[in-house]
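Respectively, the protein sequence lines represent chains A and B.
Under this note's numbering, read the first sequence as residues 318 to 664, first letter to last.
Under this note's numbering, read the second sequence as residues 318 to 664, first letter to last.
Positions of the beta carbon are idealized from the N, C-alpha and C atoms, including for glycine.
Scroll down for the structure; my scribbles are underneath it.
2 protein chains.
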Amino acid sequence: MELDKRKLKILQAIIRTYLDTGEPVGSRTISKYSDLNLSSATIRNEMADLEELGYIIQPHTSAGRIPSDKGYRLYVDTMLDAKSGEVESLREELEEKAGKLDDILQQVAKFLATNTNYATMVSGPRYQTKRVKFIQITSVEDEQLLVVIVLDNNVVKNQMLPLEKPIEEEMIVKLNFILNTTLNGLDVLDMNLAVIQKIKEQVGKHAQIIDSVLEVIGKTLVEEDDLEVYTSGTTNILKYPELSDKTKAAEIIGAFEEKQIMHNWLGLPQKDGGGLDETHDIQVYIGNETQIDSMKDCSMVTATYRIQEGVYGKIGIVGPKRMDYDKVVGTLNSLMSQLDDIFKNKK
Amino acid sequence: MELDKRKLKILQAIIRTYLDTGEPVGSRTISKYSDLNLSSATIRNEMADLEELGYIIQPHTSAGRIPSDKGYRLYVDTMLDAKSGEVESLREELEEKAGKLDDILQQVAKFLATNTNYATMVSGPRYQTKRVKFIQITSVEDEQLLVVIVLDNNVVKNQMLPLEKPIEEEMIVKLNFILNTTLNGLDVLDMNLAVIQKIKEQVGKHAQIIDSVLEVIGKTLVEEDDLEVYTSGTTNILKYPELSDKTKAAEIIGAFEEKQIMHNWLGLPQKDGGGLDETHDIQVYIGNETQIDSMKDCSMVTATYRIQEGVYGKIGIVGPKRMDYDKVVGTLNSLMSQLDDIFKNKK
DNA sequence: TGTTAGCACTCAATGAAATGGAGTGCTAAT
DNA sequence: ATTAGCACTCCATTTCATTGAGTGCTAACA
């Protein structure tokens, strides 16, 4: 059996209606409220075909049809017409507090949540490579050393280091010189034993301090990126009857609480072909495609934002499968453009 | 009418039972399952009195009684016998990752949530005073300055500062000297125009750099503490039928999402008399006592942890009014002791 | 041959009525 | 002062009939 033009139109009508109402949709509705001018009986026949083809499902014998995951997928892939969302208001708010990145991201999450009525999460940026650009050791008090490390992406890390006994100013200057000349430009992977040995040789005395300092540096570089996740509107989930069952809702909202799941989420394989939108990398995951068990009744739309080369994070919107893909993708698209601008200016 | 010994015993029995079941409790239950050896009729009479006194409420004519806020309050204030909770397991976990404070706090939230089955929040520490202990300016690249500020509580802040044109090394040394001698030990409030003027005089040239640097310092000191809030187990709310109504649940869980409400919460007036437990400052807020509208059907138990003098944060547990106060207070108590230890060692 | 009207059938949802039971208040007896 | 007993109330649960949206199938039609 083939999926001819008419079947497609009917499928589209079914999905559209279902997105609206969340109720199974029957043949009569389609017959009346579509421009096909077909009787309900005809629609019924077509629907039977569509069901056989796996695009729609009948929850029980005498009910209407609802889209299957396969149906949604087809809809998202081929039938979505891109509208440009309305993201005017956010822009100003963001530019005001252009300072702190975490504020911005939190704001973005909140904006999307209130505008779409779904739950949202925004992950903080990850840095792809971490190389040392500059190291400085300073003696703050007699028995406290401050280690400051500047990475090549201008991220600054610091760590206090308690000392057994004071260390001479002269020695600190020497240490700084050695560390900078030896380590600058190096990745953590490059800091092998040979390099460490080389440093130690030059220091002679105070080798144990070098140990501590190198340990701090190592930790800093390897350190799991703090993997901040900003969420908002998780309770929107409760607005959709098909998700608001207590166990389901608890699972979904709980997942938002567990930052760990973001790991999985960030690692989701990109769809073949690069997703809906090449520039902003917008992707849609339906039901089990999310790979997260507790999300099997949800859909998830993600986008990737880039702050600069090699520094990117993700934005995700989670809602019921019947989420308004059209609006979500539209909003995300226009939001991403705004973000691009803002980050460009910031730099 | 007086609240004699027997009435008190009965009230206690009613509340205990209600905490367990969440159902209105009737006279017969108390008569059977308490050691009072009274018939249900007698209990009924006493219950009528207790109701008149405002300690219990009858949801409808032919139902049992449930405790009123006043009843809970009496219970919490006078009838709670402190048990020592079981907090063995947490200790080890915490000591492992003793490094990062935010990890610890998140862990604490999670621990409490899973152990009590209520929703929990832990606020990051606030610093009462912020004085400058040490300032350092460094030139990282030709046109980039790094400003590092160490506060007297050993918190380190840093900020990159772009430059118009390079600045001589010599000048930086001088700047560092001036800044440290002038500003060390100063609070932000002390940094008035006079001080600033004094610095500028000493610098002469490069005054505009001083401006930028001072701005950075000012921002750092004034900066709203990031007011981190770690939450866990918010979905536990859904486990209690009296809270899991969709609107209510959404309000409560939503409140956990809004960091803003933590502001109010942190500012809650201490109860007269210092709360249940002098050492750890454990406080119980019942229903409207929380001052947060969306929490009017909840109770909230809070404790204050101290990392060092003047650096403290709060831990809160939110559940239904019929929460197991006994266990919660017990657990909190013993947790706080553990935390005290850990923070002491860290220092 | 594709479309449609018509009809019998299914089944979830809704609502009304019946039932059961937990609990109370009151009274009279102990 | 306590208790047994009884009538009464009211919520919760079950039962049952009804409704209506929706289907599949068949026969008629263009």
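Between residue i and chain A, is the shortest Cβ-Cβ distance under 8 Å, so that the two count as touching?
i                : result
Val490 (chain B) : no
Val473 (chain B) : yes
Ser549 (chain B) : yes
Thr552 (chain B) : yes
Glu487 (chain B) : no
Glu574 (chain B) : yes
I want to see whether chain B comes within less than 8 Å of residue i, judged by CB atoms only; does it?
i                : result
Thr498 (chain A) : no
Met477 (chain A) : yes
Thr334 (chain A) : no
Whose CA, out of the options, lies closest to the CA of residue i?
i                : options                                : result
Val512 (chain B) : B:Asn354, B:Ser379, B:Val520, B:Thr499 : B:Thr499
Leu656 (chain A) : A:Gly636, A:Ile632, A:Ile452           : A:Ile632
Thr433 (chain B) : B:Asp507, B:Lys450, B:Tyr557, B:Arg345 : B:Tyr557
Pro384 (chain A) : A:Leu397, A:Glu368, A:Thr378           : A:Glu368
Ser348 (chain A) : A:Leu328, A:Glu568, A:Thr338, A:Gly339 : A:Leu328
Arg443 (chain A) : A:Ser616, A:Ile452, A:Leu538, A:Met508 : A:Leu538
Leu675 (chain A) : A:Tyr642, A:Val646, A:Phe660           : Since the first and last residues shown for chain A are 318 and 664, residue 675 (chain A) lies out of range.
Phe573 (chain B) : B:Ile599, B:His597, B:Ile609, B:Gln600 : B:Ile609
Leu478 (chain A) : A:Phe451, A:Ile534, A:Leu320, A:Gln423 : A:Ile534
Met617 (chain A) : A:Gly604, A:Tyr629, A:Gly627, A:Arg623 : A:Gly604
Ser357 (chain B) : B:Gly627, B:Lys613, B:Thr338, B:Gly381 : B:Gly381
Gly630 (chain A) : A:Thr346, A:Trp582, A:Glu319           : A:Trp582
Thr437 (chain B) : B:Met640, B:Asp658, B:Ile659, B:Lys661 : B:Met640
His377 (chain B) : B:Ala620, B:Leu353, B:Gly343           : B:Gly343
Phe451 (chain A) : A:Tyr602, A:Asn475, A:Asp386, A:Glu409 : A:Asn475
Leu418 (chain B) : B:Tyr547, B:Glu319, B:Ala566           : B:Tyr547
His597 (chain A) : A:Arg361, A:Ala620, A:Ile569           : A:Ala620
Gly627 (chain B) : B:Leu325, B:Ala566, B:Lys447, B:Asn497 : B:Lys447
Arg678 (chain A) : A:Glu363, A:Leu391, A:Leu429, A:Gly441 : This structure does not reach residue 678 (chain A), given that chain A is present from 318 up to 664, and the question cannot be answered.
Ala567 (chain A) : B:Phe660, B:Leu555, B:Asp614, B:Met318 : B:Leu555
Lys324 (chain A) : A:Lys517, A:Asn497, A:Leu353           : A:Leu353
Lys326 (chain A) : A:Thr338, A:Leu391, A:Met318           : A:Leu391
At a cut-off of 7 Å, is residue i close to the ligand COA when judged by its beta-carbon and the heavy atoms of the ligand?
i                : result
Lys482 (chain A) : Ligands displayed in this structure: none; no statement on the ligand COA is therefore possible.
Exercise for the section: Return the chain-ordered ranges of every beta strand (DSSP E) run that is complete within the region 456-531 of chain B and spans a minimum of 3 residues. Expected result: 461-468, 473-479
Practice task
Could you please tell me which residues of the region 437-470 of chain B, in chain order, have their CB closer than 9 Å to any CB of chain A?
Solution key: Lys450, Phe451, Gln453, Thr455, Val457, Glu458, Gln461, Leu463, Val465, Val467
Practice task
Report yes or no: do the region 562-582 of chain A and the region 517-527 of chain A share at least 3 C-beta pairs separated by less than 8 Å?
Solution key: no
Handout entry: Interface residues of the region 556-572 of chain A facing chain B [CB-CB below 7 Å]
Key = Ser561, Lys563, Ala566, Ala567, Ile570, Gly571
Handout entry: Ranges of the beta strand (DSSP E) found wholly within the region 420-459 of chain B, counting only runs of at least 3
Key = 436-440, 449-458
Exercise for the section: Take every Cβ of the region 638-656 of chain A, pair it with every Cβ of the region 457-476 of chain A, and state whether three or more of those distances are shorter than 8 Å. Expected result: no
Handout entry: Ordered list of beta strand (DSSP E) runs contained in the region 563-642 of chain A, each at least 3 residues
Key = 600-603, 615-625, 628-637
Practice task
Could you name each continuous alpha helix (DSSP H) segment of 4 residues or more that falls completely within the region 334-373 of chain B, going from the start of the chain to the end?
Solution key: 344-350, 357-370
Exercise for the section: Could you tell me whether the region 448-465 of chain B touches the region 473-484 of chain B, where touching means 3 or more Cβ pairs closer than 8 Å? Expected result: yes
Exercise for the section: Would you be able to state if there are at least three C-beta pairs under 8 Å between the region 485-498 of chain A and the region 526-536 of chain A? Expected result: yes
Practice task
Examine the Cβ distances between the region 414-429 of chain A and the region 363-380 of chain A and report whether three or more of them are shorter than 8 Å.
Solution key: no
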